Amino acid sequence: MYRSVFPRDVLAELDRLQREMQQAFHISPSIRGIARGGFPAMNVGGTPQAVEIYAFAPGIDPASLDVQIEKGVLTIAGERQLEQPGGEATVHIDERFAGRFRRVVTLPDDVDPNAVEAKYVDGVLRISIGRRESAQPRRITIE
1477 MYRSVFPRDV LAELDRLQRE MQQAFHISPS IRGIARGGFP AMNVGGTPQA
1527 VEIYAFAPGI DPASLDVQIE KGVLTIAGER QLEQPGGEAT VHIDERFAGR
1577 FRRVVTLPDD VDPNAVEAKY VDGVLRISIG RRESAQPRRI TIE
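Every number in the working numbering is 1476 more than the matching position in the sequence shown, counting from 1.
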């Protein structure tokens, strides 16, 4: 009963509302399905040891990406250059995003901003942010 009034995951509820609005206005989804956010597409999850962020940004030079953590907020920014077919080719469909982008993720309070690792492999930016030692689960020995 309370779940419909007080959703546990507000972002999931907003996503559901966006889908309903798109269906109400007959906005047709792209070949990849209904878009959920901006560019790059992201997966965010966590383990007891770290927060894991995967940003899917193919075709971007990793040197042009700007990744920052400030006051518990992770920001990924950059620019994707417009690539047109060479010669006198006519473009019939252009679904690739070009231009500046910026994604922001609010981090949990227990992350350690000094324990960050970022790697860009095959178009995927993987950012791992360690959790503070004090937040790690530990087993208490009973004497």
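Beta carbons are placed, not taken as given, at the ideal position from N, Cα and C, and that holds for glycine.
Model, not experiment: these values are computed from the prediction.
task = State the DSSP-derived secondary structure class of Leu1601, mapped to helix, strand or coil.
result = strand
task = Tell me whether Arg1579 sits in a helix, a strand or coil according to DSSP, three-state version.
result = strand
task = Return the CA-CA distance between Tyr1596 and Arg1602, expressed in angstroms with no decimal places.
result = 6 Å
message = Please state the DSSP three-state secondary structure of Glu1489.
response = helix
query = How should Pro1524 be labelled, buried or exposed, when 16 other C-beta atoms within 10 angstroms of its C-beta is the threshold for buried?
reply = exposed
key: Beta-carbon proximity list for Ile1552, same chain, < 6 Å, skipping 5 on both sides   = Ala1531, Val1543 and Arg1579
task = Go ahead and pull the three-state DSSP assignment for Arg1607.
result = strand
request  = Closer than 7 Å by C-beta to Ile1618: which residues in its own chain qualify, once you throw out the five before and the five after it? Chain order, please.
outcome  = none
Reduced DSSP category for Gln1557 - H, G, I as helix; E, B as strand; rest coil = coil
task = State the beta-bridge partners of Asp1542 as determined by DSSP.
result = Ala1553
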